[in-house]
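Visitor: Residue 67 in this note's numbering sits at position 67 of the sequence shown, and the numbers go up by one each step. C-beta: ideal position from N, C-alpha, C; glycine also.
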Amino acid sequence: MKPSSSQLALSVGRRVVMACVAGLLLVAGFWTSWDTAQHVLLSKGREHGTLSVTECGDATCSGTYDPEGPPPPRAGAPIERSVAVKKGREYEVVLKPGTDELVRAGSSGVLLAWVPLGGALLLAAPVVGGGMRLTRTAWGTALAGAVLLAGAFFAL
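In structure tokens:
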């Protein structure tokens, strides 16, 4: 039996709305990740160094920042508090230009910066699979998000 024009329009409309929702999730995940990832990925010409974490508050941890090169070490340099930052440890960091805020550098910093995108990929997978009826694409999206999150977990 051939679907009526209203059923066809409803099906197409559902797919368009779900594509917009999935796209919005992925753009939001990318945008949130890029805020940190740009400093880690495009770190050439930025100030690099080592942070020795001495204290942690509710939102940030701080410690002594020892930059590479001639500048002297500075105390009280902040880094965002996360499960990846622990008191008493040293981390390779990059200074965000125009601020005194530090972000993790190296391969672990890259993976940690992209965690929001991994979460967005996992959230978009049911939308793609259920709303758009693209099951293979949904499984690929979920797998990509899970691999990214697992990589960040093991990089800790």
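Cα-Cα, which of Ala144, Leu143, Gln38 is closest to Val103?
Guide: It is Gln38 whose Cα lies nearest to the Cα of Val103.
Visitor: Here's the rule: buried if 16 or more other CB atoms are within 10 angstroms of the residue's CB, otherwise exposed. What is Cys61?
Guide: Result: buried.
Visitor: Buried or exposed: which applies to Trp163, given that a residue is buried once 16 or more other Cβ atoms fall within 10 Å of its Cβ?
Guide: The first residue shown for the chain is 1 and the last is 156, placing residue 163 beyond what the model contains.
Visitor: Roughly how many whole angstroms lie between the Cα atoms of Gly131 and Ser108?
Guide: Approximately 34 Å, taken between the alpha carbons.
Visitor: Would you call Pro70 buried or exposed, if buried means 16 or more other Cβ atoms sit within 10 Å of its Cβ?
Guide: That one is exposed.
Visitor: Can you name, in chain order, every residue of its own chain whose Cβ lies under 8 Å from the Cβ of Trp139, other than the five neighbours on each side?
Guide: The residues are Ala125, Gly129.
Visitor: DSSP three-state call for Val127: helix, strand or coil?
Guide: The answer is helix: DSSP assigns Val127 an H, G or I state.
Visitor: Quick check on Gly29: buried or exposed, where buried means 16 or more other Cβ atoms within 10 Å of its Cβ?
Guide: Buried.
Visitor: Check for me: the alpha helix (DSSP H) holding Ala144 runs from which residue to which?
Guide: Its alpha helix (DSSP H) spans residues 135-155.
Visitor: Across which residues does DSSP place Cys20 in a beta bridge pair?
Guide: In the DSSP output, where bridge partners are listed per residue, Cys20 has none listed.
Visitor: When burial is assigned at 16 or more other CB atoms within 10 Å of the CB, is Ala150 buried or exposed?
Guide: Under this definition Ala150 is an exposed residue.
Visitor: Grouping DSSP H, G and I as helix and E and B as strand, with all else coil, what is Ala77?
Guide: Three-state DSSP puts Ala77 in a strand.
Visitor: Whole-angstrom Cβ separation of Leu26 and Ala120, contact assumed at under 8 Å?
Guide: At roughly 5 Å, the Cβ-Cβ gap stays under 8 Å, so Leu26 and Ala120 are in contact.
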